[in-house]
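In terms of my numbering, the sequence shown opens at residue 157 and continues consecutively.
Virtual Cβ for every residue (Gly too), placed ideally from N, Cα, C.
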Amino acid sequence: MNNFQYIKFRIKNLLSPSFRCPICRYRGPFQTARPGHALRRRHALCPKCGSSERQRVQWLIMQELSSAYTFREKSLLHFAPESIFRSEFRKLFAQVTTTDLAMPDVDVKADICRLPFANASFDVVFLSHVLEHVKEDRRAMCEVRRVLRSQGIAIVEAPITREKTIEYDCPNIHEFGHVRNTGPDYYDRFTDLFRLMKKYTSEDFPHKFQPYIYCNWTRFPTPESPLRQPMPGLRHPIMVAVYFV
């Protein structure tokens with residue numbers, strides 16, 4: 157968004173709620189994501205840095221954990237790296253390695269189910285909106301556990317869009333290739349791999365950061381998403397799991 161667009165946006169949203177971005181410190185109204193679409197998300201995007209609801213929640217979690225785990229001395233493995241976090245994570249950690257199977261601009265191209273790293277290579281693994289694309293998610297998380305050092309942490313998020321997880325027979329192209337529709341129970345399937353698991357939700361953070369998804373999910377199921385169930389309400393919490401080795 158250039159200066160002219162920003163001024164126009166602020167004028168248009170004079171009466172809109174004001175929020176604060178914990179990443180870039182912007183204060184003011186947030187943008188609607190996917191405007192005009194049936195699944196548009198109100199108050200979703202920071203107009204300055206472009207952060208989404210989940211990225212703000214993730215950043216708040218990282219900030220909370222960094223003070224306790226001295227990230228400045230730690231190494232991070234970042235899957236499917238979001239552009240907004242590339243520079244921020246390099247400020248936060250001593251060493252950052254990015255990886256993905258398809259993205260061209262990563263340090264190491266790798267399949268999460270067959271990682272080319274030695275055992276106990278990293279202190280922290282960051283995994284956002286990846287596992288819903290991976291059929292062998294158990295194998296993927298075993299690999300995540302394998303490459304984590306003692307006292308390591310895995311920060312994992314999948315989109316929570318139903319009350320209980322359901323598996324698909326094949327990837328749904330209308331849902332960005334998802335192989336499952338995940339609920340809050342999804343994170344529990346990996347607890348036996350780790351010493352401890354803690355779930356963070358939007359409710360754990362101040363409303364001023366706008367950590368919720370404002371979207372109408374009552375229209376499901378649809379012909380394109382026949383297994384996705386309706387979710388009541390127009391404000392939905394985000395959930396992130398932190399697994400401790």
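DSSP beta-bridge partners of residue i
i    : result
A189 : R197
I369 : H392
T374 : T374 pairs with nothing; no bridge assigned.
V281 : L233, A310
M353 : Y399
D267 : R270
N328 : H334
R384 : The partner list for R384 (beta bridge, DSSP) is empty, contrary to what the question assumes.
E323 : R336
I316 : T338
Supposed close pair residue i, residue j - CB separation, criterion 8 Å
i    : j    : result
K291 : V335 : 5 Å
I240 : S284 : Actually they do not touch by this definition, with Cβ atoms about 11 Å apart.
E209 : Y368 : 6 Å
R212 : T317 : Wrong, their Cβ atoms sit about 18 Å apart, outside the cutoff.
V303 : L232 : That pair is no contact at about 11 Å.
E244 : I179 : 7 Å
R242 : F278 : Between F278 and R242 the Cβ distance is about 17 Å, and since that is not below 8 Å, they are no contact.
Alpha-carbon spacing of residue i relative to residue j, whole angstroms
i    : j    : result
R375 : M157 : 31 Å
R246 : P379 : 43 Å
L221 : F227 : 8 Å
K354 : V280 : 15 Å
H289 : N169 : 36 Å
R166 : S223 : 35 Å
L287 : G308 : 19 Å
C202 : D360 : 20 Å
E229 : R181 : 25 Å
F332 : S381 : 11 Å
L171 : L257 : 44 Å
D348 : I394 : 23 Å
*Can you check the stretch 190–249 for any beta strand (DSSP E) of at least 3 residues that lies completely inside it and give the ranges in chain order?*
For the stretch 190–249, whole beta strand (DSSP E) runs of length 3 or above, ordered along the chain, are 197–201, 231–235.
*Are there three or more Cβ pairs, one per stretch, closer than 8 Å when the stretch 321–330 is compared with the stretch 180–192?*
Inter-segment contact for the stretch 321–330 and the stretch 180–192 is absent: fewer than three beta-carbon pairs are separated by less than 8 Å.
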